[in-house]
Every structure is written in C-alpha cells, then in structure tokens.
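K.L.:
My structure is below; once you've seen it, I'll send some questions.
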Amino acid sequence: MSPHIVVFDSGVGGTSVLAHIQKALPSAHYSYIMDNKFLPYGELTKSALNTRIVEVMTQLNIHLGCFDLLVIACNTASTHTLELLRSKLDVPIVGVVPAIKPAAQTSTSKEIGVLATPATISNEYTKRLIGDFANHCDVRLFGSTELVAIAEKYFWQGELCLKQLSRALAEVKLSNIDTLVLGCTHFPIIAPFIKQVINSECTLVDSGAAIARRVKGILGNELSVDTIKKGPLQYYATAPIEQSKLDIKQIDL
Ligand code: DGL
Numbered sequence: 188m189s190p191h192i193v194v195f196d197s198g199v200g201g202t203s204v205l206a207h208i209q210k211a212l213p214s215a216h217y218s219y220i221m222d223n224k225f226l227p228y229g230e231l232t233k234s235a236l237n238t239r240i241v242e243v244m245t246q247l248n249i250h251l252g253c254f255d256l257l258v259i260a261c262n263t264a265s266t267h268t269l270e271l272l273r274s275k276l277d278v279p280i281v282g283v284v285p286a287i288k289p290a291a292q293t294s295t296s297k298e299i300g301v302l303a304t305p306a307t308i309s310n311e312y313t314k315r316l317i318g319d320f321a322n323h324c325d326v327r328l329f330g331s332t333e334l335v336a337i338a339e340k341y342f343w344q345g346e347l348c349l350k351q352l353s354r355a356l357a358e359v360k361l362s363n364i365d366t367l368v369l370g371c372t373h374f375p376i377i378a379p380f381i382k383q384v385i386n387s388e389c390t391l392v393d394s395g396a397a398i399a400r401r402v403k404g405i406l407g408n409e410l411s412v413d414t415i416k417k418g419p420l421q422y423y424a425t426a427p428i429e430q431s432k433l434d435i436k437q438i439d440l
C-alpha cells in the first residue's frame, strides 16, 4: 500500500507545500485538512493555538483513518505547537518553519525580510531561528493577516486586488532587503503578485521544496511504485466553504 500522508493547515496555504510533496512522492496517498473554523491562526495566542491544534490532531484518525506521516504545513502552527504535538502523537511529524537559514546564506546584502503572520513573527521559536542562523544579517520582520485573506480569496475566487496587495506590502517595499522569506504557507500562492509589487530584484524564498525532501527522506523506503492502490487526494475542512472548486468533506471538529 502507498503511504498515507496528511497535510494540515488553517486554510489553503498548505496546498503550496502539498504541491512540492506530491511532485517528489507521486505514488503516496494524500489527505489535506484545513482548520478553517479557526482561520486565521496568525491572530491566535500560543495557548489557543496549542489547545486547538492538539484537539484537532488527536482526533484525526477518527475522520481520516490511519496515516503514516503528518505535515504541519503552517508556519504559525509549527513554530508554536510542534514540540507539544510530537509528545502527543505517535507518527512522524514534519513541520514547516520560515526559511531563515537558506535566506541568510544566499543573501548578498545580508539584509533580509521575514514576511509571516503576526503570531509567527512575535514568537520565541522564530527569534531563535534568527539568532541561530541569521545573526550576521539585518533581519526585518513583517507581520500580516491581510495577506492570508488575500491569498484565500485568490485561491477560491481567482480574484486579487493589486492596490490592496501593494498597500499591505508598503513596509516591505520601503525596506532595502534583497531576500524575502515567505514565512507563511499562504504566501507562495500569491508569490508572483508579491514579486510584482515589491522590488523585482528581491529574491523570494519559501520552505516547500525542503519540506518535500524531508518527507521523502523519512518515507523513501516505504514508497510503493504501485500507484494503482493509492486513493484520490481527499480534502477536509472544519467549516463550510462557499463557492468551493474542490470536493471537500466537512468534518465536525
Ligand atoms: N498558513 C499559515 C502559516 O503558514 C497561517 C495562516 C493563518 O491562519 O493565519 O502560518
């Protein structure tokens, strides 16, 4: 049987990570779950995030069946709750955290930005990442929930207002950074537009490809070449979605 990989986020952001994993491991079976009942996670406190994420994750089996690996495709959830989650669940868990290390290594000017949710940029884990891997850089932190809403709208309705995006990125545009970390999985969905409204010379960096390599490294030996046995990708959501272009099962969590 193909291994069953569950990819989790508060909303559609994790699909940007899922795409990388599917490309690296096409024969795995996937479930994608979004906790849109509590979207946006970026405005929750650490204690609210911990309580909610543990509540959802410890009941996943009931709704999704057994799975072999869990990807927390959400920087906000990973930077706050990963350690706690690992102590509660008995499956391998891969988290997604801002790609500060590669950005610090590749930046020429050593002036880098981290664009993430308010909960991610104000968090001790993120500060530790900066201290460990980027203390030779000038690191600017930009927090935004509006960008999460813009990415959700673009994903579901295909609509994006460049003026609104430009306003939301005003501070980033004024900075002198040469590298911008997309520290929220929603942001790669609108990366071409972000690139368009900020300095086009600026390099955007996200964690998607690295996460896919990590998942492959863990599951590599279990991968079956028999793709016939794998089920179709199933999406789950914890709240109703209007105008959904996907076949989504709503679960009560
Ligand atoms: N996609 C999530 C992240 O990577 C969070 C979006 C939100 O719910 O605020 O942080």
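Every letter in the sequence shown is one number past the one before it in my numbering, and letter 239, counting from 1, is 426.
Glycine is no exception: its CB is placed at the ideal position from the N, C-alpha and C atoms.
On a predicted model such as this, the values are computed, not experimentally measured, just so you know.
With distances taken between CB atoms, is the gap from Asp196 to Thr372 smaller than 7 angstroms?
P.N.:
The beta carbons of Asp196 and Thr372 sit closer together than 7 angstroms.
K.L.:
Helix, strand or coil, according to DSSP, for Ile398 in the structure here?
P.N.:
helix
K.L.:
Excluding the five sequence neighbours on either side, which residues of its own chain have a C-beta within less than 8 angstroms of the C-beta of Leu349, listed in chain order?
P.N.:
Closer than 8 angstroms at the Cβ level, and outside the excluded window around Leu349, lie Phe380, Gln383, Val384.
K.L.:
Only counting the same chain, and skipping five residues up and downstream in sequence, which positions put a Cβ closer than 6 angstroms to that of Lys288?
P.N.:
Phe320
K.L.:
For Gly200, collect the residues of the same chain with a Cβ closer than 6 angstroms to its Cβ; drop the 5 residues on either side in sequence, then sort them by chain order.
P.N.:
Thr372, His373
K.L.:
Entirely within the region 365–398 and at least 3 residues each: give me those beta strand (DSSP E) ranges in chain order.
P.N.:
366–369, 390–392
K.L.:
Ends of the alpha helix (DSSP H) at Met188?
P.N.:
Here Met188 belongs to no alpha helix (DSSP H), and DSSP marks it neither H nor E.
K.L.:
Give the DSSP bridge partners of Leu328, in chain order.
P.N.:
Partner(s): Val301.
K.L.:
Taking the C-alpha atoms as reference points, what is the distance between Leu391 and Leu369?
P.N.:
The straight-line gap from Cα to Cα measures roughly 7 angstroms.
K.L.:
Taking DSSP as the reference, what is the three-state secondary structure of His216?
P.N.:
Of the three classes helix, strand and coil, the one that applies to His216 here is strand, per DSSP.
K.L.:
Tell me whether Pro227 counts as near the ligand DGL, meaning its Cβ is closer than 6 angstroms to at least one heavy atom of that ligand.
P.N.:
For the ligand DGL, at least one heavy atom lies less than 6 angstroms from the Cβ of Pro227.
K.L.:
At a cut-off of 6 angstroms, would you count Leu262 as near the ligand DGL, judging by its Cβ distance to the nearest heavy atom?
P.N.:
For the record, residue 262 in the displayed sequence is Asn; it is not Leu. Answer for Asn262: yes, Cβ within range of the ligand DGL.
K.L.:
What are the complete alpha helix (DSSP H) segments, minimum 4 residues, inside the region 230–298?
P.N.:
233–244, 247–251, 262–275, 287–293
K.L.:
By DSSP's criteria, Phe195 is part of a beta bridge. Which residues make up the other side?
P.N.:
Ile220, Ile259
K.L.:
So Ala426 packs on Ile435, CB below 8 angstroms; how close in whole Å?
P.N.:
By a beta-carbon distance limit of 8 angstroms, Ala426 does not contact Ile435. Their separation comes to about 10 angstroms.
K.L.:
Report the CB separation of Ala338 from Tyr228 in whole angstroms; it is logged as a contact under 8 angstroms.
P.N.:
Going by Cβ atoms, the distance from Ala338 to Tyr228 rounds to 13 angstroms, so no, they are not a contact pair.
K.L.:
What separation, rounded to the nearest whole angstrom, lies between the Cα atoms of His267 and Ala260?
P.N.:
Ala260 has its alpha-carbon roughly 13 angstroms from the corresponding atom of His267.
K.L.:
Cβ-heavy atom distance between Gly200 and the ligand DGL below 6 angstroms?
P.N.:
yes
K.L.:
Taking 6 angstroms as the line, does the beta carbon of Ser331 fall inside it for any heavy atom of the ligand DGL?
P.N.:
no
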